[in-house]
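Everything below concerns the one structure shown next.
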Amino acid sequence: MIQFHDFGIDIQTYTDRGKGNDFPDVNQCPHCSSRRPLHRHGYYQRYALTAEGEYHLWIARYRCQECRKTVSVLPSFLLPYVQYTRSVIWQAVKTWLETPRRGAKTKQVGFPTKEVILFYVRRFLRNLSRLHHAAARRWGIIGPVGNARTERAVWWMQTLEGRGVGSIIQDLWTNERWHLFADQIAS
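Take the sequence shown: its position 142, counting from 1, is numbered 142 in the UniProt record's numbering, and each next residue is one higher.
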């Protein structure tokens with residue numbers, strides 16, 4: 001299972017500190033709800049991609065002494081199972097959706113590539129219905145229903161930015177087991 005933690009530092013500082021980051025204590029198991037503190041079980045390395053480069057990050061793993069299951073603590077600037085950072089994906093998708101449709105030549109393609117941007121745009125668009133239902137149920141936000149899908153997507157992006165994208169993604173992941181750019185079949 002994955003939990004998020006805001007380390008209050010940028011990706012470069014997190015990378016530089018490596019295993020010396022100020023990893024949080026996990027005092028309750030999200031699997032079995034045991035209140036016995038989880039034991040730091042080790043680390044694994046993962047990659048994160050930004051426009052500035054590729055980073056090799058150490059992610060702390062914890063193990064519950066009751067149920068023996070593990071929990072990984074991701075820095076809040078990452079998304080589960082995704083190499084690009086949350087801000088890179090968010091900005092690329094937002095820019096793509098907000099760009100007027102005057103043909104593919106008007107799209108500014110840089111980092112990530114056009115193919116990667118379209119991959120995440122499609123995922124976000126496929127998740128609009130899930131987002132609409134979760135937002136109504138969890139936060140009382142009722143989004144537009146009848147507009148074109150791209151207009152709804154832009155509305156949602158602007159609304160979520162106003163409420164804090166990071167906290168929304170963390171809440172969806174913690175309570176719903178998905179995020180805005182997750183594959184729909186993942187639960």
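Each residue gets a CB set at the ideal place from its N, CA and C atoms; glycine is no exception.
For this session: Could you work out which residue in Leu118, Gly164 and His179 is closest to alanine 134 when comparing CA atoms only?
Result: His179
For this session: Assuming histidine 31 contacts methionine 1 (C-beta within less than 8 angstroms), just tell me the rounded distance between them.
Result: 6 angstroms
Problem set entry | Straight-line Cα distance separating proline 112 from glutamine 83 | 11 angstroms
For this session: Leaving aside the five residues before and after phenylalanine 25 along the sequence, list all residues of the same chain whose C-beta is less than 7 angstroms from its C-beta, in chain order.
Result: Checking the sequence shown, residue 25 turns out to be aspartate, not phenylalanine. Within the same chain, aspartate 25 has close Cβ partners Pro37.
Exercise. Is there contact between the stretch 72-88 and the stretch 50-63, where contact requires at least three CB pairs shorter than 8 angstroms?
Worked result: yes
Exercise. Taking just the CA atoms, how far does glutamine 12 sit from glycine 164?
Worked result: 22 angstroms
Exercise. Mind checking tyrosine 47: buried by the 16 CB within 10 Å criterion, or exposed?
Worked result: exposed
For this session: Rounded to whole angstroms, what's the CA-CA distance from arginine 123 to aspartate 22? Just pull it up for me.
Result: 33 angstroms
Problem set entry | Three-state secondary structure (DSSP) of glutamine 65 | coil
For this session: Starting from the N-terminal side, write out each stretch of the alpha helix (DSSP H) that is 4 residues or longer and does not extend beyond the stretch 6-67.
Result: 11-17
For this session: With distances taken Cα to Cα, identify the nearest neighbour of lysine 19 among His56, Asp6, Gln158 and Glu115.
Result: His56
Exercise. According to DSSP, what are the bridge partners of serine 87?
Worked result: None, per the DSSP bridge assignment.
For this session: Pull up the distance between the alpha-carbon of histidine 39 and that of isoleucine 169, whole angstroms please.
Result: 26 angstroms
Problem set entry | leucine 78: first and last residue of the uninterrupted alpha helix (DSSP H) it sits in | Where leucine 78 is concerned, there is no enclosing alpha helix (DSSP H), given that its DSSP letter is neither H nor E.
Exercise. Is tyrosine 14 buried or exposed, if buried means 16 or more other CB atoms sit within 10 Å of its CB?
Worked result: buried
Problem set entry | Buried versus exposed, by CB contacts within 10 Å (16 or more), tyrosine 44 | exposed
Exercise. What's the call for cysteine 67, buried or exposed, on a 16-neighbour Cβ count within 10 Å?
Worked result: exposed
Exercise. DSSP state of glutamine 170, grouped into three classes?
Worked result: helix
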